[in-house]
Amino acid sequence: MLKSKSTLVFFIYLLFSVFIFDVSKANTNFPKTKNNQIEIEYLESRNELEDYIIDTGDSIYLEFFPANELSGVFSVNAEGELLLPRLDETFVRGLTKSELKTLLEKRYAEFLIDPEIKIRIARFKRIRVLARGELRNPGFYKFPAYASNSFLMIDKGDNSELDLMIENNNEQSVIDQNLQSNNQSSQDLVVKRSNESLTTIADVIRKAGGITSTTDLSKIQIIRDVPLGKGGGKKRAIIDLNDYLYKSDPTNDLRIFDGDTLFFPKLSKPNPNQIPKSILSGISPKFISVNLFGRVESPGVVKLPLEAVLSDAIDLSGPIKPLSGKIVLIRYEKDGTVIKKNIPYSASAKRGSKRNPYLKEDDLIAVKNSILGKTTGIIREFTAPFVGIYSTKEIIEGFSD
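What follows is the structure, given as structure tokens:
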């Protein structure tokens, strides 16, 4: 009897040990599964398009289920309408993807039983962005339309040609292979999202000629339209782009959409480290071009390094000729006005000072004549005919002799 009880206790202990081992194993694996799920959700995120406002120039991919024959790519025309099968013109300007989905499912309920419609933007309209504040050339800038790499489209025109759409699964295949690797933990999984074809904050800065030493990259404001379905108006976000500049981290280099306004505030004092870093990161150009005229050895367009000063331009164009006078600088200001000022130039003056100022892209620099130079020129012009007559007289007399 004692032996049978001992066997029973041992058996129960064995079962209990196996149960504890399974529970501990499950608890160990759970965070890994959870992290994998987080990674997948991040990769599949479409939150940046949640409030995207559809307008003229967009091409929308509609996938109907079960009526696949209705699927295709449809362009939003100049009137803000989609020409859809069975519905003809449907006004969609100002809608988001979710609002368009709700609208179409209601309208197609007349023809289909419980229609299910998937919506993707196959081609985005051209982007027009206003860049304001502490940039080298603030203003309105346009960027080309972006077509999703997931599609190869043949546009549907008036001839009712069929749309051909080919799904590109290369990127997703790489992700799946990474997730299926047994030797790689979820924390080691790094998938870089390529945004080379998208328009981002960095692209706007490049288009605006780059930053200055007083641009505050820690408080960039993005102002964006709110969809009418969510009340309309504007929303504002503050972005810190310093990690992009100093650590090459593109996390905050957000995508820009049509109609966005970007404002770059000004630092209280210059940061001399910003310009070299901005050149290395590619958001500021290495060189600028200025136009030099007048009494210099080689007038014309001069290519200079960014943050070059007047003495650099004169050194590259050759020395100033004798009897030269004032130097005049003509340039467009950030507000669009034109300024014209005389520079009391000194080659030995401090860089960036009044006598040796920093130059900007497309500056016009004229080295004028001095009063003595002008007087000499007038005398030369006045005496030139007499010199010619005297020379002719000497030649004739020479032949007579």
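For what it's worth, full-length UniProt numbering labels the leading residue of the sequence shown as 1, then goes sequentially.
Beta carbons: idealized from backbone N, C-alpha and C, even for Gly.
Who pairs with residue 221 in a beta bridge, going by DSSP? Here the question's residue 221 lines up with position 221 in the sequence shown. Residue 221 is bridged to 238 and 263.
With three or more C-beta pairs closer than 8 Å as the rule, is the segment 102-117 touching the segment 52-68? yes
Run the CB neighbour count on residue 42, radius 10 Å, all protein chains shown included, and call it buried at 16 or more, exposed below. Looking up residue 42 in the sequence shown gives position 42. Caution applies to residue 42, whose pLDDT of 37 falls short of 50 and renders its modelled position unreliable; the value that the coordinates give is listed next. Per the 10 Å Cβ criterion, exposed.
For the beta strand (DSSP E) holding residue 75, just list the boundary residues, first then last. Position 75 of the sequence shown holds residue 75. Per DSSP, the unbroken beta strand (DSSP E) holding residue 75 starts and ends at 72-75.
Could you say if the segment 248-260 and the segment 128-135 meet the contact criterion of at least three C-beta pairs nearer than 8 Å? yes
Run the CB neighbour count on residue 157, radius 10 Å, all protein chains shown included, and call it buried at 16 or more, exposed below. Looking up residue 157 in the sequence shown gives position 157. With a pLDDT of 40 at residue 157, under the threshold of 50, the modelled position of this residue cannot be trusted; read the value that follows with caution. So residue 157 ends up on the exposed side.
Given residue 70, which residues of its chain have a CB within under 6 Å of its CB, disregarding the five upstream and five downstream residues? Within the sequence shown, residue 70 is the residue found at index 70, counting from 1. Taken in chain order, the residues that qualify are 64 and 85.
Rounded separation between residue 294 and residue 313 - CA only: As a working note, residue 294 is residue 294 in the sequence shown. As a working note, residue 313 is residue 313 in the sequence shown. Looking at the two C-alpha atoms, the distance is approximately 13 Å.
Taking 8 Å as the cut-off, decide whether the C-beta atoms of residue 216 and residue 105 are in contact. Here residue 216 is taken as the residue at index 216 of the sequence shown, counted from 1. Here residue 105 is taken as the residue at index 105 of the sequence shown, counted from 1. Result no, Cβ atoms of residue 216 and residue 105 do not sit closer than 8 Å.
Starting from the Cα of residue 267, find the closest Cα among 212, 246 and 249 and give me that residue. Position 267 of the sequence shown, counting from 1, holds the residue named residue 267. Out of 212, 246 and 249, 212 has the C-alpha closest to the C-alpha of residue 267.
Residue 366 CB to nearest chain B CB: under 8 Å? Looking at the structure shown, chain B is missing, and only one protein chain is on hand.
Could you give the DSSP three-state label for residue 127: helix, strand or coil? For the purposes of this step, residue 127 is taken as residue 127 along the sequence shown, with counting starting at 1. Residue 127: strand per DSSP, three-state reduction.
Please work out which residues of its chain come closer than 7 Å, Cβ to Cβ, to residue 111, disregarding the five sequence neighbours upstream and downstream, and give them in chain order. Indexing the sequence shown from 1 puts residue 111 at position 111. Closer than 7 Å at the Cβ level, and outside the excluded window around residue 111, lie 86.
Determine the DSSP secondary structure at residue 88, reduced to helix, strand or coil. The count along the sequence shown starts at 1 and reaches residue 88 at position 88. Strand, per DSSP.
With three or more beta-carbon pairs closer than 8 Å as the criterion, would you say the segment 220-239 touches the segment 136-145? They do not touch, by the three-pair rule.
What's the call for residue 237, buried or exposed, on a 16-neighbour Cβ count within 10 Å? Your numbering for residue 237 matches position 237 in the sequence shown. Per the 10 Å Cβ criterion, exposed.
Reduced DSSP category for residue 105 - H, G, I as helix; E, B as strand; rest coil: Along the sequence shown, one-based indexing puts residue 105 at 105. Correct three-state label for residue 105: helix.
Should residue 367 go down as buried or exposed, given a rule of 16 or more other Cβ atoms within 10 Å for buried? Your numbering for residue 367 matches position 367 in the sequence shown. Buried, since its Cβ has 16 or more Cβ neighbours within 10 Å.
Can you tell me which of the three DSSP states residue 231 falls into? Taking the sequence shown and counting its residues from 1, one reaches residue 231 at position 231. Coil, per DSSP.
Distance check for residue 218 and residue 197, CA to CA, integer angstroms please. The sequence position of residue 197 within the sequence shown is 197, counting from 1. The sequence position of residue 218 within the sequence shown is 218, counting from 1. Going by the C-alpha atoms only, they are around 25 Å apart.
By Cβ distance, which residues of its chain are closer than 8 Å to residue 37, with the 5 residues on each side in sequence left out? Counting from one through the sequence shown, the residue named residue 37 turns up at place 37. Residue placement at residue 37 cannot be trusted, given a pLDDT of 40 that sits under 50; what the coordinates show is reported in the next sentence. Excluding sequence neighbours, residue 37 sits near nothing in its chain.
Please classify residue 251 as buried or exposed, where buried requires at least 16 other C-beta atoms within 10 Å of its C-beta. Within the sequence shown, numbered from 1, the residue matching residue 251 stands at position 251. Answer is exposed; the Cβ neighbour count stays below 16.
Once you ignore the five residues that flank residue 48 on each side, which residues in its own chain have a CB closer than 7 Å to its CB? The residue given as residue 48 occupies position 48 in the sequence shown. 255.
Status (buried if at least 16 other CB within 10 Å, exposed otherwise) for residue 91: Taking the sequence shown and counting its residues from 1, one reaches residue 91 at position 91. Looking at its Cβ environment, which holds fewer than 16 other Cβ atoms inside 10 Å, residue 91 is exposed.
Within 10 Å of its beta-carbon, does residue 240 have 16 or more other beta-carbons around it, so buried, or fewer, so exposed? Your numbering for residue 240 matches position 240 in the sequence shown. Its Cβ having fewer than 16 others within 10 Å, residue 240 is exposed.
Would you report the Cα separation of residue 201 and residue 283, rounded to the nearest angstrom? The sequence position of residue 201 within the sequence shown is 201, counting from 1. The sequence position of residue 283 within the sequence shown is 283, counting from 1. Taking the straight line from one Cα to the other gives about 10 Å.
Sort 352, 56, 329 and 320 by Cα distance to residue 369 and report the nearest one. As a working mapping, residue 369 is identified with position 369 in the sequence shown. Comparing Cα-Cα distances from residue 369 to each of 352, 56, 329 and 320, the minimum goes to 320.
Looking at the unbroken beta strand (DSSP E) that takes in residue 302, where does it start and where does it end? Against the sequence shown, residue 302 aligns to sequence position 302. Segment 300-305, the beta strand (DSSP E) holding residue 302.
Quick check on residue 245: buried or exposed, where buried means 16 or more other Cβ atoms within 10 Å of its Cβ? Along the sequence shown, read from residue 1 onward, the residue named residue 245 stands at position 245. Buried.
Does residue 244 come out as helix, strand or coil in the three-state DSSP assignment? Along the sequence shown, read from residue 1 onward, the residue named residue 244 stands at position 244. In this structure, DSSP gives residue 244 a helical state, which the three-state scheme calls helix.
Three-way DSSP call (helix, strand, coil) for residue 93 in this model: The count along the sequence shown starts at 1 and reaches residue 93 at position 93. Here residue 93 sits in coil by DSSP.
Is it right to say residue 357 is buried, meaning 16 or more other beta carbons lie within 10 angstroms of its own, or is it exposed? Taking the sequence shown and counting its residues from 1, the one referred to as residue 357 is at position 357. Result: buried.
Which of helix, strand or coil DSSP assigns to residue 207: To locate residue 207, count along the sequence shown from 1; it is residue 207. The answer is helix: DSSP assigns residue 207 an H, G or I state.
Note down the Cα distance separating residue 155 from residue 123, rounded to an integer number of angstroms. The sequence position of residue 155 within the sequence shown is 155, counting from 1. The sequence position of residue 123 within the sequence shown is 123, counting from 1. Caution is warranted here: a pLDDT of 44 is assigned to residue 155, below 50, making its placement in the model unreliable, and no coordinate value can be reported.
Do you know offhand how far residue 226's Cα is from residue 95's? In the sequence shown, residue 226 corresponds to position 226, counting from 1. In the sequence shown, residue 95 corresponds to position 95, counting from 1. Looking at the two C-alpha atoms, the distance is approximately 11 Å.
Neighbourhood of residue 108 by C-beta, 6 Å cutoff - its chain only, sequence neighbours within 5 removed: Here residue 108 refers to the residue found at position 108 when the sequence shown is read from its first residue. Correct list, in chain order: 115.
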